[in-house]
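Structure, rendered in structure tokens:
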């Protein structure tokens, strides 16, 4: 798979190549990077890819470097959908199930305000499984 130029440029800027590929599938690629004691994901998602389908006990932050997403959040037993674009910072509060639907080839950075932990939200996982046949999410 040919690396996205934005991802390659970002990865090259990380000191001591302190990153590793943690997932690659039909949707794209997820890398984990660590600078000093700060860890984060760098995510390349192809148009049509779906990510997330999980819940975290800490706030999740996503910065879209390139591309566009439709984000589904479950709040108060309702699904809320919002569109987010390049250069937008997304903040997802603890305990909110979320799903990212990629509308254009995209690159984003993702981190949490505490230790990374997640639980899958089954209704959103089923959306990914139906489209891609993959049970893992990220």
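Numbering (the working numbering), first residue to last: 15 to 152.
Here a beta-carbon is modelled for each residue, glycine too, at the ideal position from N, C-alpha and C.
{"Asked": "I believe residue 123 touches residue 79 by the beta-carbon criterion, under 8 Å. Please report the beta-carbon distance rounded to the nearest angstrom.", "Found": "7 Å"}
{"Asked": "At which residues does the beta strand (DSSP E) containing residue 124 begin and terminate?", "Found": "112-126"}
{"Asked": "State the CB to CB distance for the pair residue 120 and residue 59, rounded to an integer number of angstroms; the pair is presumed to be in contact (CB under 8 Å).", "Found": "5 Å"}
{"Asked": "Just checking my contact of residue 128 with residue 55 at CB under 8 Å: how many whole Å lie between their CB atoms?", "Found": "At roughly 15 Å, the Cβ-Cβ gap does not stay under 8 Å, so residue 128 and residue 55 are not in contact."}
{"Asked": "Please report the Cβ distance between residue 115 and residue 83, rounded to the nearest whole angstrom; I am assuming they are in contact, meaning their Cβ atoms lie under 8 Å.", "Found": "6 Å"}
{"Asked": "Which same chain residues end up closer than 6 Å to residue 125 when comparing Cβ atoms and leaving out the 5 residues on each side of it in sequence?", "Found": "54, 75"}
{"Asked": "Could you tell me the alpha carbon to alpha carbon distance between residue 96 and residue 102, rounded to whole angstroms?", "Found": "12 Å"}
{"Asked": "Going by alpha carbons, who is nearest to residue 91 out of 112, 105, 104?", "Found": "112"}
{"Asked": "Can you list, in chain order, the residues of its chain with a C-beta nearer than 8 Å to that of residue 100? Leave out the 5 residues immediately preceding and following it.", "Found": "78, 79, 80, 81, 82"}
{"Asked": "Would a C-beta distance cut-off of 9 Å place residue 98 and residue 138 closer than the cut-off?", "Found": "no"}
{"Asked": "Just how far apart, CA to CA, sit residue 8 and residue 34?", "Found": "Residue 8 lies beyond the stretch modelled for the chain, which goes from 15 to 152, so this question has no answer here."}
{"Asked": "Quick one: using the 10 Å Cβ neighbour count with 16 as the cut-off for buried, is residue 15 buried or exposed?", "Found": "In this prediction, residue 15 scores a pLDDT of 39, lower than 50, which makes its location untrustworthy; no coordinate-derived value is stated."}
{"Asked": "Straight-line CA distance for residue 57 to residue 146?", "Found": "17 Å"}
{"Asked": "By Cβ distance, which residues of its chain are closer than 8 Å to residue 107, with the 5 residues on each side in sequence left out?", "Found": "73"}
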